[in-house]
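Engineer:
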Amino acid sequence: MSTAFQVFQQVPLAFFGNDQKKPLDLYVKCIRKILKDENLMQIPPPGTLPSIPAAPLEILAMSFDGLTSFFRDGSFNQENAPDGYKLINEFRPNSSKEFSRFTTPKEKLLLKALQIYAGFTLGLIAWEKKNRATTAKRYQETLELAATYPPWNNVDLQSKYLDRWAMNCVQQVKDNLAVIIRNDTINAQRAQQAHGSQDGNFRRDVVQARNTRVDAFGDISVDDTISIATDSCGSCGKREVKLSRCSKCKKVAYCGRDCQTADWKSHKAACHAPTS
């Protein structure tokens, strides 16, 4: 039986074949083999591959980067590459999947990096499906995981390999989520000014707003509505992926107890339990 590295070495040649999915399948096979019974931290033998400062050295991470790249650029999706999607989803932050073989500090850090890339990739997959709320949720999950290892929360140009790879991904997720929140704020304000409503205060609210999208292939589409991806605090206006709503009326969300307390005087008169 071939080793994981031998499978990995077949990938470059597979790109020149007629089966466009072959490289993806080889990445899946390589990853599964390592996860099953090989050294999780193994790197290629000296001299076999060039080392790139912004890329990981571990075969497992290199294979995962290759696998997720097919989904990040829109080449494949859940429907036409279900095995690849399933593997990525197993690494999703907050997934119930257990990886008991990752036991040492370095192995656990490698696992965290893979989970960060999985969250980023799943966010992009949801984006291609025009599911902005799920995209924002996946990004938030990813950033919460990244926060458990502070060195990855700021890009250090002196860092190399796995650290730099993870840092770059975390920064991209931060940037993407910031754009979503900024656009939610703008679109909700425009809708409320035009219609005098509270539309856009909650995630998954659909508001009237011209929305121009560019997909992974560069195709442009224009919609007249947009689904809001974040909640807006009823007191300070801060937007986050998911805020707690007033436990009584469920009509206002707050980013914390302080904001809810500060808003109570103005909210009290309108706070009524919903009737069935």
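For the sequence shown, the residue numbers in my numbering are 918 to 1193.
All residues carry an ideal CB built from backbone N, CA and C; glycine is no exception.
Using a Cβ-Cβ cut-off of 7 Å (strictly less than) and excluding sequence neighbours within five positions of Val924, which residues of its own chain qualify?
Structural biologist: The residues are Leu943, Lys946, Cys947, Lys950.
Engineer: Could you name the residues of the same chain whose beta carbon sits closer than 7 Å to that of Lys1029, not counting the 5 residues immediately before and after it, in chain order?
Structural biologist: Leu1062, Tyr1066.
Engineer: With distances taken between CB atoms, is the gap from Pro1191 to Lys1159 smaller than 8 Å?
Structural biologist: The answer is no: Cβ separation not under 8 Å.
Engineer: Count the CB pairs spanning the region 1080–1094 and the region 1113–1123 that are closer than 8 Å, and state whether there are at least three.
Structural biologist: Judged by Cβ distances under 8 Å, the region 1080–1094 makes no contact with the region 1113–1123, as fewer than three pairs qualify.
Engineer: Pull up the CB-CB distance for Leu977 and Ile1005, whole angstroms please, since I reckon it's below 8 Å.
Structural biologist: Rounded, the Cβ-Cβ distance is 13 Å, inconsistent with contact.
Engineer: Quick test of the definition: if touching needs 3 or more C-beta pairs under 8 Å, does the region 1030–1046 touch the region 1085–1105?
Structural biologist: Taking 8 Å as the limit for Cβ pairs, the verdict is that the region 1085–1105 does touch the region 1030–1046.
Engineer: Should Asp1141 be counted as a contact of the ligand GDP given a C-beta to heavy atom distance under 7 Å?
Structural biologist: Inclusion of the ligand GDP in the displayed structure is not the case, the ligand content being empty and no account of it being possible.
Engineer: Roughly how many whole angstroms lie between the Cα atoms of Pro961 and Met979?
Structural biologist: Their Cα atoms are separated by approximately 10 Å.
Engineer: Going by DSSP, name the residue or residues bridged to Ser868.
Structural biologist: Outside the shown range of the chain (918 to 1193) lies residue 868, about which nothing can therefore be said.
Engineer: Could you tell me whether the region 1015–1026 touches the region 1042–1054, using the rule of 3 or more Cβ pairs below 8 Å?
Structural biologist: The answer is no - the region 1042–1054 does not touch the region 1015–1026, with fewer than three Cβ pairs under 8 Å.
Engineer: Within its chain, find whatever has a CB closer than 7 Å to the CB of Cys1172; leave out the 5 residues flanking it on each side and keep chain order.
Structural biologist: The answer, listed in chain order, is Cys1150, Cys1153, Lys1155, Glu1157, Leu1160.
Engineer: Where does Ser1144 fall in DSSP's three states?
Structural biologist: Reduced to three states, the DSSP call for Ser1144 is strand.
Engineer: Short of 8 Å in beta carbon distance, which residues of its chain neighbour Phe988, apart from the five on each side in sequence? Order them along the chain.
Structural biologist: Answer for Phe988: Asn994, Ala998, Gly1001, Tyr1002, Ile1005, Thr1038, Leu1041, Ile1042, listed in chain order.
Engineer: Which ranges would you report for the alpha helix (DSSP H) in the region 1014–1041 if only whole runs of at least 4 residues count?
Structural biologist: If we require 4 residues or more, the region 1014–1041 turns out to have no alpha helix (DSSP H) run fully inside it.
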